[in-house]
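Student: Quick note on our numbering: the sequence shown kicks off at 957 and runs consecutively. I'd like to ask you about the structure that follows.
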Amino acid sequence: MLASNTNEDDTLENRDFPVHTRSKDAALKTSIFKTSYRAAMAKARATWNLQSRNTVVSDSIKSELGKKLFLPNTRRWKSTYDALVVLNTILETKRPAIHRDMIEMNLPPFNDQNVAIMKEYVKMHRCAPLANALLSGIKKRFERFMEDEVCQLAAAFHSKFRLVWLQKYENRKFSIVRKLIEAKVENALIKEREAIGKDNISIS
């Protein structure tokens, strides 16, 4: 048996496993990529801010590029993503033109690394704004039911759900709802015993 285990260990050590690679999202969170991302976004935000605050710059950008840049807006759920999509398109088709505008505005133009980082950001976050909006909408619509004691008990007493869903997704509430169930069951048993006692008294 020992020899067999040793052979298995040797086989595993000599086996060629695929090289571990980080996901794109994890890679962008490392210090090196984070610095590059912040540098690219700083240039983008500086350009957006100048367009929004200076009509001369805004007119110059429109004249040079044929249209204005799309500006991020905190009231729109995916405005940063949309703004970067437009900016990436311009950098692909009219990079010299936008660089002329940036130089006139005393802003450092985008280098190849900045462009690559912003393209990667758009690829990674293509579905993220939609997913976040859906999750936010679901939370806004159903959160009051998730917090409602009656709804929690109804799901907990249901034979299909019980407390499995709560233990998996809201573990912090698991013990609270469990105590509520025990209290409800105990009260129901007390009432049942009292009703049986009253029936026995009336019969006698």
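Even for Gly, the Cβ is constructed at its ideal location relative to N, Cα and C. Computed from a predicted model, the values in this text were never measured in an experiment.
Enumerate in chain order the residues of its own chain whose CB-to-CB distance from Asn-1044 is below 8 Å, with the five nearest sequence positions on each side excluded.
Tutor: Excluding positions up to five away in sequence, the list reads Val-1071, Met-1074, Lys-1075 and Val-1078.
Student: Please list the terminal residues of the continuous alpha helix (DSSP H) segment that includes Ser-1016.
Tutor: Unbroken alpha helix (DSSP H) run through Ser-1016: 1011 to 1021.
Student: Count the other CB atoms, across all protein chains shown, that sit within 10 Å of the CB of Thr-1165; report buried if there are 16 or more and exposed otherwise.
Tutor: As displayed, the chain neither begins before 957 nor continues past 1160, which places residue 1165 out of reach and without an answer.
Student: Please give me, in chain order, every unbroken run of the beta strand (DSSP E) with length at least 3 that falls completely inside the region 1087 to 1116.
Tutor: The qualifying runs do not exist here; there are none.
Student: Give the range of the alpha helix (DSSP H) segment to which Thr-1045 is assigned.
Tutor: That run of the alpha helix (DSSP H) goes 1035 to 1049.
Student: Quick one: Cα of Asn-1005 to Cα of Leu-1090, how far?
Tutor: For Asn-1005 and Leu-1090, the distance between alpha carbons rounds to 29 Å.
Student: Determine the closest residue to Thr-1030 out of Ala-1039, Ala-1139, Arg-994 and Phe-1066, with distance taken between C-alpha atoms.
Tutor: Nearest of Ala-1039, Ala-1139, Arg-994 and Phe-1066 to Thr-1030, Cα basis: Ala-1039.
Student: Is Ala-1112 closer than 7 Å to Ile-1137 when the C-beta atoms are compared?
Tutor: Contact flag set, yes.
Student: In angstroms with no decimal places, state the Cα-to-Cα distance between Arg-1128 and Glu-1099.
Tutor: Rounded to whole angstroms, Arg-1128 to Glu-1099 spans 15 Å at the Cα level.
Student: Looking only at its chain, what residues have a beta carbon closer than 7 Å to the beta carbon of Phe-973, apart from the 5 residues adjacent to it on each side?
Tutor: Unreliable positioning characterises Phe-973 in this predicted model, as indicated by a pLDDT of 46, which lies under 50. The coordinate reading is nonetheless provided below. Result list for Phe-973: empty, nothing under 7 Å.
Student: Does DSSP put Leu-1063 in a helix, in a strand, or in coil?
Tutor: Note: Leu-1063 maps to coil in three-state DSSP.
Student: Determine contact between the region 1000 to 1015 and the region 1101 to 1111, defined as no fewer than three beta-carbon pairs at a distance below 8 Å.
Tutor: Judged by Cβ distances under 8 Å, the region 1000 to 1015 makes no contact with the region 1101 to 1111, as fewer than three pairs qualify.
Student: I need the DSSP call for Arg-1082, collapsed to helix, strand or coil.
Tutor: Coil, per DSSP.
Student: Using the rule of at least 16 other Cβ atoms within 10 Å of the residue's Cβ for burial, across every protein chain shown, is Phe-1066 buried or exposed?
Tutor: Buried, since its Cβ has 16 or more Cβ neighbours within 10 Å.
Student: Rounded to whole angstroms, what's the CA-CA distance from Ala-1002 to Leu-1027? Just pull it up for me.
Tutor: Taking the straight line joining both Cα atoms gives about 11 Å.
Student: For the candidate residues Lys-1116, Ile-1146, Leu-1145 and Glu-1020, whose alpha-carbon lies nearest to that of Ile-1059?
Tutor: Of Lys-1116, Ile-1146, Leu-1145 and Glu-1020, the residue nearest in Cα terms is Glu-1020.
Student: For Lys-999, count neighbouring Cβ atoms within 10 angstroms of its own Cβ and tell me buried if that reaches 16, exposed if not.
Tutor: Looking at its Cβ environment, which holds 16 or more other Cβ atoms inside 10 Å, Lys-999 is buried.
Student: Given a cut-off of 7 Å, decide if Leu-1122 and Val-1106 are closer than it, judged by their beta-carbon atoms.
Tutor: For Val-1106 and Leu-1122, no; Cβs fall outside 7 Å.
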